[in-house]
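Just add 342 to the spot in the sequence shown (first one is 1) and you have the working numbering.
Just so you know, even glycine gets a beta-carbon here, dropped at the ideal spot from N, CA and C.
Bear in mind the structure is a predicted one, so any value in this text is a computation, not a measurement.
Input: a single structure, listed below in structure tokens.
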Amino acid sequence: MSTRAYHLHELEIARSLDDSRRVMPQIGPQHRRVLDLGCGAGQTLIASDLPAEVSAVGVDVDFDAMLLGQELAAPLAFVNGAAEGLPFAAGTFDLVIARVVLPFVPIRPALAEIGRVLQPGGELWALLHPPRRTWRSLRSATRARDTRQMLHQSYVLANGTLFHLSGAVIPSPASGRYESFQTAHGMIRELQRAGLSNVIVQRARHHTVLTAVKR
Numbered sequence: 343m344s345t346r347a348y349h350l351h352e353l354e355i356a357r358s359l360d361d362s363r364r365v366m367p368q369i370g371p372q373h374r375r376v377l378d379l380g381c382g383a384g385q386t387l388i389a390s391d392l393p394a395e396v397s398a399v400g401v402d403v404d405f406d407a408m409l410l411g412q413e414l415a416a417p418l419a420f421v422n423g424a425a426e427g428l429p430f431a432a433g434t435f436d437l438v439i440a441r442v443v444l445p446f447v448p449i450r451p452a453l454a455e456i457g458r459v460l461q462p463g464g465e466l467w468a469l470l471h472p473p474r475r476t477w478r479s480l481r482s483a484t485r486a487r488d489t490r491q492m493l494h495q496s497y498v499l500a501n502g503t504l505f506h507l508s509g510a511v512i513p514s515p516a517s518g519r520y521e522s523f524q525t526a527h528g529m530i531r532e533l534q535r536a537g538l539s540n541v542i543v544q545r546a547r548h549h550t551v552l553t554a555v556k557r
């Protein structure tokens, strides 16, 4: 699936109220400055139908995805950047959305940056990969005798375990990219380290939904 097709498919899910895969943040009147971290083409912001008084910006490392986002929703602002080095001043936002971005980045520095750019009382909404997702993928790869996927999912399993125990993650020896699963125990510990509390973890069908508040 091409980048364009993938993001258009994700936008279709985000807009479909009847799709069981649809999980969206609740953006309320207290959220005037919103950061969508790992925004892709901005499908979460687009599907949220934000009122005009909300200032929203999407950040992603995928430049092509953001070009598509500008085509789909010209009023949205997009910035090319990484989660572990956000180009914003401290306390800029009162909501950070992190839809399935933390599984693919160095989590501790990314959470430190999220904590830095949130104002006190600001909120984090994150969609995470639970351990069971990795186990399912590893079992599927084993049944299919897909050696490449077996090795990759074994790396993800080891990396998620490392995160659970220590908060650290390491890049894949094969690709140099990050991937891990996230446990509630590991996330609560690392969020507290980054200055966030009031952590709520909810298990959805396909992902784990987490919210937290900047102290």
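DSSP, reduced to helix, strand and coil, places threonine 434 outside both helices and strands of the structure shown, so it counts as coil. For isoleucine 388, the three-state secondary structure derived from DSSP is helix. Here DSSP, grouped into helix, strand and coil, assigns glycine 427 to strand. The criterion of a C-beta distance shorter than 8 angstroms is satisfied by valine 399 and valine 421.
The alpha-carbon of tyrosine 497 is positioned some 42 angstroms away from that of proline 393.
Taking a 10 Å sphere around the C-beta of methionine 343, we find fewer than 16 other C-beta atoms and assign the residue as exposed. In the displayed model, alanine 536 falls within coil according to three-state DSSP, outside both helix and strand.
Counting along the chain, glutamate 465 sits inside the beta strand (DSSP E) bounded by residues 460 to 470. In the three-state DSSP reduction, aspartate 361 falls in the coil class, being neither helix nor strand. For aspartate 402, the enclosing beta strand (DSSP E) stretches over residues 397 to 402. Of the residues assessed, glutamine 544 falls on the exposed side of the cut-off, its CB having fewer than 16 other CB atoms within 10 angstroms. Under the three-state reduction of DSSP output, glutamine 368 falls in the coil class, being neither helix nor strand. Per DSSP, reduced to three states, the secondary structure at isoleucine 355 is helical. For aspartate 378, the enclosing beta strand (DSSP E) begins and ends at 375 to 379. Under the DSSP assignment, threonine 553 falls in the beta strand (DSSP E) whose first and last residues are 550 to 556.
Taken through DSSP and simplified to helix, strand or coil, isoleucine 512 comes out as coil.
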